[in-house]
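Residue numbers (our numbering): -13 to 427.
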């Protein structure tokens, strides 16, 4: 977590700039930029806007430093920062990603630059492209919550176990039956202690998270287990715990594939220490209990999971191989030996969450981006908006008319991911709706 001390490096790297050509950009460290918006204008490039920022420490930071008896640094009052906001910038003025239109002149902001874009021209103008543009109050809540007297109620309020989304962990949505049934994984995250007080775990305390004696299950805090929720006459039902016999009590688990009649599934088990294992389970019908899980032997190394069956008679398998903090996607078709996918998909970055869709489309994630591979081309999956709205683990409904995924809330310490769905809109996707609020047709 960042601290005030780390934030005070926003102006380093400027010494010696006066010796440079006043019109030549001089690369600078990509440090956090703090200040107040002085102007917002269109840039010369189409779809790009320029935010002019008068650099300075936010007033709340100055007040906290004075209360702690720390000197408040005096920054260069004449320095002007010109930040380019593009369609790739994530704009955060609250708990959700939004638009540059959510910001106003005079507001205090924090900018994380795109690496390699920060440069000085002359001695008084700094340029950068914005990877993330935060209203400073949103940045403070996200990265400096201990500087607050209390957390806003909306940060900790949605903890109803009868709901799908909570302030805990919800991830890996898998729609079946046209999206009227959804499997997902859920768990708790550590609470954030403020003013020295110990905080309980955060998130909806769902069935299966506690033993019969009331003790918290070893996997529940920081891990996850699978749940099932179905649409009925009165709307979404209460998410039900999916009991998969044979998984160790201290291991996390999530279903990563399930067939349309809900009788066969693949499960990624996360063992103590972080190693993953791919297992499978079956049952006679959708009301029967699941059988004890059995290991699925796939190549790629000691840590594999996040797999999907697809193709004719479900004879193809695509899965994730984890290694040394990164990951790649592997594929086996019709019983053939598995091998890594091609370099257009597997790169130096971590690839994960393969989700085959109709018409030979493969949805997958690379680092913090949701991508798809179709007709030999990798492209980003975008939600509506002028700026980027992050999503991960996109999974299409069987006919491709709906896309289920997780979206972030910018909560203190740990991002809170919630499940959402968007309808097909031409060649793209419509406005996302949180799953609790979505009604299947």
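Note that the Cβ used here is the ideal one computed from N, Cα and C, for glycine as well.
Under the three-state DSSP convention, the category residue i falls into
i, result
"residue 125", "helix"
"residue 421", "helix"
"residue 314", "strand"
"residue 165", "helix"
"residue 142", "helix"
"residue 31", "coil"
"residue 283", "coil"
"residue 51", "helix"
"residue 262", "strand"
"residue 361", "coil"
"residue 45", "helix"
"residue 131", "helix"
"residue 404", "strand"
"residue 298", "helix"
"residue 2", "Caution is warranted here: a pLDDT of 42 is assigned to residue 2, below 50, making its placement in the model unreliable, and no coordinate value can be reported."
"residue 115", "strand"
"residue 86", "helix"
"residue 190", "coil"
"residue 415", "strand"
"residue 330", "coil"
"residue 26", "strand"
"residue 267", "strand"
"residue 291", "strand"
"residue 105", "strand"
"residue 398", "coil"
"residue 9", "coil"
"residue 196", "strand"
"residue 367", "coil"
"residue 228", "coil"
"residue 426", "coil"
"residue 157", "strand"
Nearest candidate by alpha-carbon position, reference residue i, set the options
i, options, result
"residue 86", "116, 154, 267", "116"
"residue 12", "24, 100, 111, 76", "111"
"residue 215", "317, 224, 207", "224"
"residue 233", "329, 349, 148, 262", "262"
"residue 427", "411, 387, 367", "387"
"residue 273", "259, 228, 312", "228"
"residue 30", "249, 71, 362", "71"
"residue 169", "249, 33, 338, 15", "249"
"residue 299", "48, 307, 321", "321"
"residue 39", "75, 92, 123", "92"
"residue 445", "345, 171, 41, 259", "Not covered by the structure: residue 445. The range shown for the chain is -13 to 427."
"residue 175", "199, 43, 204, 69", "204"
"residue 246", "423, 334, 385, 324", "385"
"residue 107", "130, 65, 143, 84", "65"
"residue 301", "307, 288, 289, 317", "317"
"residue 267", "282, 258, 105, 257", "282"
"residue 270", "284, 251, 373", "251"
"residue 156", "127, 58, 211", "211"
Cross-strand partners of residue i (DSSP beta bridge)
i, result
"residue 351", "338, 356"
"residue 309", "312"
"residue 382", "389"
"residue 207", "174"
"residue 343", "347"
"residue 217", "222"
"residue 238", "256"
"residue 243", "252"
"residue 325", "317"
"residue 36", "27, 70"
"residue 120", "78, 96"
"residue 56", "BP columns for residue 56 are empty, so no partner."
"residue 19", "97"
"residue 272", "DSSP, once it has assigned bridges, lists no residue as partnering residue 272."
"residue 304", "294, 317"
Sub-8 Å separation of residue i and residue j beta-carbons
i, j, result
"residue 379", "residue 395", "no"
"residue 19", "residue 100", "no"
"residue 226", "residue 193", "yes"
"residue 230", "residue 279", "yes"
"residue 397", "residue 141", "yes"
"residue 303", "residue 350", "no"
"residue 429", "residue 22", "Residue 429 lies beyond the range of the chain shown here (-13 to 427); nothing can be said about it."
"residue 436", "residue 264", "Because the chain spans -13 through 427 in this model, residue 436 falls outside it and cannot be assessed."
"residue 102", "residue 236", "no"
"residue 296", "residue 342", "yes"
"residue 415", "residue 369", "yes"
"residue 145", "residue 420", "no"
"residue 324", "residue 287", "no"
"residue 69", "residue 124", "no"
Any non-hydrogen atom of the ligand ZN closer than 7 Å to residue i Cβ
i, result
"residue 320", "The ligand ZN is not part of the structure shown, which contains no ligands of any sort."
Are there three or more Cβ pairs, one per stretch, closer than 8 Å when the stretch 173 to 180 is compared with the stretch 158 to 165? The stretch 173 to 180 is not in contact with the stretch 158 to 165.
At least three beta-carbon pairs within less than 8 Å, the stretch 145 to 165 to the stretch 236 to 247: The answer is yes - the stretch 236 to 247 touches the stretch 145 to 165, with three or more Cβ pairs under 8 Å.
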